[in-house]
Amino acid sequence: MNKIFKWKIHFLVGLSIFLIIIIFADVFSIWTTPEEYIKVYEFSNNSVEWRYKSIFNYILSDIIVICFLILYIILNLIFLIKNIKFIKSIIVVIEVAVLIYLIYNFYTSYITGFDH
């Protein structure tokens, strides 16, 4: 296995674990002080994004992200242990999809003036 690919796996698994901790903190925070989130994110049924239609949807979207991160970590660990090429291709597809998602979100934030 390529050393750079192995280093990338370690870095991204560590980053994924860090993101899981941050998202859990976000979910815990919304349970303790939902009033602040209602003011900041302006939850309403008229929202364009389903995530901001209700607090439940917001928490559900966080849980979905956590599940994908856990799946990503598991796939990377399996690949490190068994070095299966099919799993490597799944990992690359996931990484490309996340990159496209990040570029799309950056673009929409840029178009709207980074106001959220």
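Read in order, the letters of the sequence shown correspond to residues 51 to 166 in the working numbering. Note that beta-carbon positions come from the ideal geometry of N, C-alpha and C, so glycine has one too.
Cα separation between residue i and residue j?
{"i": "N133", "j": "I59", "result": "12 Å"}
{"i": "K103", "j": "K53", "result": "45 Å"}
{"i": "I109", "j": "V77", "result": "6 Å"}
{"i": "S97", "j": "I153", "result": "22 Å"}
{"i": "L119", "j": "I72", "result": "12 Å"}
{"i": "W57", "j": "L130", "result": "11 Å"}
{"i": "V148", "j": "N107", "result": "21 Å"}
{"i": "K138", "j": "I150", "result": "18 Å"}
{"i": "L62", "j": "I128", "result": "14 Å"}
Does DSSP put residue i in a helix, a strand or coil?
{"i": "K58", "result": "helix"}
{"i": "V115", "result": "helix"}
{"i": "I134", "result": "coil"}
{"i": "S139", "result": "helix"}
{"i": "N95", "result": "coil"}
Relative to the alpha-carbon of residue i, which residue among the options has its alpha-carbon at the smallest distance?
{"i": "L69", "options": "I113, F106, I141, I150", "result": "I113"}
{"i": "I116", "options": "F74, Y160, S159, L62", "result": "F74"}
{"i": "I141", "options": "I123, W81, E99, I71", "result": "I123"}
{"i": "I144", "options": "G64, L125, I161", "result": "L125"}
{"i": "I24", "options": "P84, L121, T82, I161", "result": "Given a span of 51 to 166 for the chain in the structure shown, any question on residue 24 remains unanswerable."}
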